[in-house]
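Each residue of the sequence shown is one higher than the last, beginning at 0 in numbering that gives the first Met the number 0.
Only one structure is covered here, and it is reproduced in the block below.
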Amino acid sequence: MSALATLEIALRLDRAYASLADSHVHRATREDSLGIIKGRDAITAAWVSEDAADITITADLGEMIAYKIKGLKQSWHGHRWVWREEGLIMREVVIEDRGEAKTAPRVHPPLGELRSGQGQYDAGDKAVLPFGFPESARTIANWLHQAWNGRAFNLYDHAWLPALIRALPDATFHFEHAIVGEQQTAILWRVHGHHASGRRVRLIGSSVFTGNADETVIDHAAMVSQLAGEVIDYGALP
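Structural data, given as structure tokens:
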């Protein structure tokens, strides 16, 4: 079991919040679809508010884990990705789908309600991948790109995808990072799009592939929270 999985279990089951001082740098950040928490103390405070009663690690790729949580009031799936500096976590990205709208304020920089990027992304056969993206994960990324950005839903038979496109018709998927294990491949991605209300929405998603099957987690409740926010009137700003 990786150090990340061991830490997750200790935090969830033993409430070992003091261990964050040994696992995270002081300026560590934690990001989810609502925004970014900055600083180890703020991350610790977020952990204290958790209500997990049990946890099962469903995938362990070292610097990425997938898990299933049984909470006091509900159960959910989650993925956690981490990046380290001299062995300590300096950044983590968390994707959880708890099935309920969150009330925490967004701390993302304002998005505005513009469509400047619309029509500028070519949904060809190959995905645009960031520097350092594992070559062994390229085939999966290209396939997902064709299905998601190319709207070839027949290539990816999951109900969440057409449902998301109906909500965000111009949604564009971007691949950010991947980890390839002996039997599994994990891909971290983001989606940007516009709702019928005109509001821009951005979400983080994560997929773990085992053979032809995958476990994908996307924070649908974060979209509800983003849509509930007030539209920013940039013309009224000083």
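Think of the CB as a built atom: it goes at the ideal place given N, C-alpha and C, for glycine as much as any other residue.
- Your pair residue 188 and residue 208 does not check out as a contact, with CB atoms roughly 12 angstroms apart and the cut at 8 angstroms.
- When rounded, the separation of the alpha-carbon atoms in residue 54 and residue 217 is 19 angstroms.
- Inclusion of residue 193 and residue 201 in the CB contact set at 7 angstroms is not warranted, their separation being larger than that value.
- Two segments are said to touch when three or more pairs of C-beta atoms, one from each, lie closer than 8 angstroms; by this definition the region 130-137 does not touch the region 154-167.
- In the DSSP assignment, residue 13 falls outside any beta strand (DSSP E) and carries neither an H nor an E.
- Secondary-structure assignment with DSSP links residue 31 through a beta bridge to 34.
- Burial check for residue 84: the Cβ neighbour count within 10 Å stays below 16, so the residue is exposed.
- In the three-state reduction of the DSSP assignment, residue 170 falls in the coil class.
- For residue 176, the beta-bridge partners assigned by DSSP are 187.
- Per the coordinates, the alpha-carbon of residue 1 lies some 8 angstroms from the alpha-carbon of residue 60.
- Judged by beta-carbon spacing, residue 56 lies beyond the 7 angstroms limit of residue 68, meaning their Cβ atoms are not closer than that value.
- In this model, residue 15 and residue 9 are separated by some 6 angstroms (Cα to Cα).
- Counting along the chain, residue 97 sits inside no beta strand (DSSP E), nor does DSSP assign it H or E at all.
- The Cβ neighbour count for residue 204, taken over all protein chains shown within 10 Å, is at least 16; the residue is labelled buried.
- The C-beta of residue 224 has 16 or more other C-beta atoms within 10 Å across all chains shown, which makes the residue buried.
- Look at residue 195 here: in three-state DSSP terms it is coil, with no helix or strand label.
- When DSSP states are grouped into helix, strand and coil, residue 1 belongs to the coil group.
- Non-local C-beta neighbours of residue 180 in its own chain, meaning closer than 6 angstroms and more than five positions away in sequence, comprise 60, ordered along the chain.
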